[in-house]
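*Asks:*
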Amino acid sequence: MSELLPEDVGTDDCLTSYTYIYSPDLLKDQVAFITGGGSGIGLRIAEIFMRHGCDTVIASRNLDKLNEAAKKLSAVSGRRCLPLCIDVRQPDSIMAAVDETLKEFGRVDILVNNAAGNFLCPATALSFNAFKTVLDIDTLGTFNTSKVVYEKWFKDHGGSIVNISATLGYRGQALQVHAGSAKAANDAMTKHLAVEWGPSGVRVNAVAPGPISGTEGYRRLGGPRGEAAGAFQSIPLQRAGNKTEMAHCALFLASRASSYTTGAILVADGGAWLTSANDFSMLLGIASSKSAKL
Ligand SMILES: CC/C=C\C/C=C\C/C=C\C/C=C\C/C=C\C/C=C\C=C\C(=O)SCCNC(=O)CCNC(=O)[C@H](O)C(C)(C)COP(=O)(O)OP(=O)(O)OC[C@H]1O[C@@H](n2cnc3c(N)ncnc32)[C@H](O)[C@@H]1OP(=O)(O)O
Ligand SMILES: NC(=O)C1=CN([C@@H]2O[C@H](COP(=O)(O)OP(=O)(O)OC[C@H]3O[C@@H](n4cnc5c(N)ncnc54)[C@H](OP(=O)(O)O)[C@@H]3O)[C@@H](O)[C@H]2O)C=CC1
């Protein structure tokens, strides 16, 4: 069986070619606000959305990185991309960015909460502040951005929120109590907000990836090492996923293709969490580590 898009595996560059699966007009003239849209999965989501007719805002902390990404995205898609500096832990920075978005584009239809922070660390070595930092970025950051976009636009116009979760905590894993707890909270938040904001015409869904190659998250969590050790053979689909596959899931949930779907968590991990062999500590041979930062 061939890969969906072989050129995508292991790279973080904009695609040079793209095969359409959905209608190219699926997001025509819509506007998406994507946190962490300057790298990894967020960058690919921005690219695929733009190829389907959408203008985007890509928002994170490093403006130089965002500016460079925005240039590439506009060149490859012919759509507008506005890079904006935010820290999802700081509501004021989000409010300013959403105001700027509405000034530039006059609307916002889609919010993708993709920004996150993660590293491998045993609980005994994890400082109180380290745990709090990951919760602040992943969970509070998702709430902060959702609340600001809802209050400034979605409440009166409707919209679609896609949270990027992870299946890594579904069975529990060593070295990941911070990220697993944060993503579990986000899955709960997805359902709560779907219920509360549904009557305003707002859908709230999530994509839950497994290991996705060509990303900072993959590198930080030992992806290349796991791959070299044959770890992915234990995943039912026997490989890591790629960024384009995650972007297609986000596109489905963001768009009218899923118009009667809300509160859903779309698992996109090759079946990894269903098997028992997805514990990083065992795979990487560091199960007994008690104090080291990894
Ligand atoms: C489902 C899986 C199935 C099968 C798996 C099969 C095989 C597995 C084999 C391999 C794994 C392969 C792939 C991975 C699979 C799944 C991945 C799942 C989830 C992935 C999530 C992500 O990828 S999130 C995105 C990753 N990118 C980033 O993290 C970039 C952004 N990060 C940051 O900005 C920082 O790293 C930050 C999060 C620390 C925040 O920065 P900042 O605000 O500047 O904070 P600091 O002041 O630097 O630090 C705050 C406190 O945190 C402590 N800290 C920092 N780094 C570490 C560390 N590495 N270890 C421990 N502690 C750390 C720091 O010391 C501060 O604490 P103090 O007490 O000192 O103040
Ligand atoms: N890669 C993988 O295997 C998996 C990834 N995921 C999820 O996918 C998403 C993307 O991860 P991935 O592409 O791997 O990693 P990246 O590191 O490339 O993406 C994380 C993005 O978040 C941004 N970001 C981090 N902290 C903040 C902050 N405080 N405020 C605003 N933006 C911030 C970063 O930009 P900057 O540093 O410039 O602020 C960066 O663009 C995350 O939600 C992650 O948890 C889930 C499962 C597996």
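For the sequence shown, counting from 1, position 3 maps to 1444 in this note's numbering; every step adds exactly one.
From the three backbone atoms N, C-alpha and C, an ideal C-beta is built for every residue, glycine too.
#1: For L1552, list the residues DSSP reports as bridge partners.
#2: A1713 to P1677, Cα distance in whole Å?
#3: For V1529, name the three-state secondary structure that DSSP assigns.
#4: Could you check the C-alpha separation between L1552 and L1468 for me, to the nearest Å?
#5: Could you tell me which uninterrupted beta strand (DSSP E) segments, each at least 3 residues in length, are contained entirely in the stretch 1612–1651, listed from first to last along the chain?
#6: Start and end of the beta strand (DSSP E) containing S1501?
#7: On the premise that N1646 lies in contact with T1583, defined as a C-beta separation below 8 Å, what is that separation, rounded to the nearest angstrom?
#8: Indicate whether the contact test is met: 3 or more Cβ pairs, each with one atom in the stretch 1499–1511 and one in the stretch 1673–1691, closer than 8 Å.
#9: So for A1681, helix, strand or coil by DSSP?
#10: Classify S1729 as buried or exposed, calling it buried when 16 or more other Cβ atoms lie within 10 Å of its own Cβ.
#11: Which residues in the same chain as R1661 place their Cβ atom closer than 8 Å to its Cβ, once the five residues preceding and following it in sequence are excluded?
#12: To the nearest angstrom, how far is the alpha carbon of A1635 from that of G1519?
#13: Buried or exposed: which applies to H1689, given that a residue is buried once 16 or more other Cβ atoms fall within 10 Å of its Cβ?
*Replies:* The structure says:
#1: The count along the sequence shown starts at 1 and reaches residue 1552 at position 111. Bridge partners of L1552: F1474 and I1602.
#2: For the purposes of this step, residue 1713 is identified with residue 272 of the sequence shown, where counting begins at 1. For the purposes of this step, residue 1677 is identified with residue 236 of the sequence shown, where counting begins at 1. Approximately 6 Å between the Cα atoms of the pair.
#3: Residue numbering aside, residue 1529 sits at position 88 when the sequence shown is read from its first letter. V1529 falls in the coil class under three-state DSSP.
#4: Position 111 of the sequence shown holds residue 1552. Position 27 of the sequence shown holds residue 1468. Using only the alpha carbons, I get a separation of about 13 Å.
#5: If we require 3 residues or more, the beta strand (DSSP E) runs fully inside the stretch 1612–1651 come out as 1643–1650.
#6: Numbered from 1 along the sequence shown, position 60 holds the residue referred to as residue 1501. Counting along the chain, the beta strand (DSSP E) containing S1501 begins and ends at D1496 to S1501.
#7: The count along the sequence shown starts at 1 and reaches residue 1583 at position 142. The count along the sequence shown starts at 1 and reaches residue 1646 at position 205. In fact, because the Cβ distance is near 13 Å, the residues do not count as touching under 8 Å.
#8: Too few Cβ pairs lie closer than 8 Å, so no.
#9: Taking the sequence shown and counting its residues from 1, one reaches residue 1681 at position 240. Coil, per DSSP.
#10: Within the sequence shown, numbered from 1, the residue matching residue 1729 stands at position 288. Low local confidence applies: a pLDDT of 48 at S1729 is under 50, so the model's placement there is unreliable, and no value is given.
#11: Translated into the one-based positions of the sequence shown, residue 1661 becomes position 220. Hits under 8 Å: N1559, F1560 and L1561.
#12: The residue labelled residue 1635 in the question sits at position 194 within the sequence shown. The residue labelled residue 1519 in the question sits at position 78 within the sequence shown. Spanning the two alpha carbons is a distance of roughly 33 Å.
#13: Taking the sequence shown and counting its residues from 1, one reaches residue 1689 at position 248. Its Cβ being crowded by 16 or more others within 10 Å, H1689 is buried.
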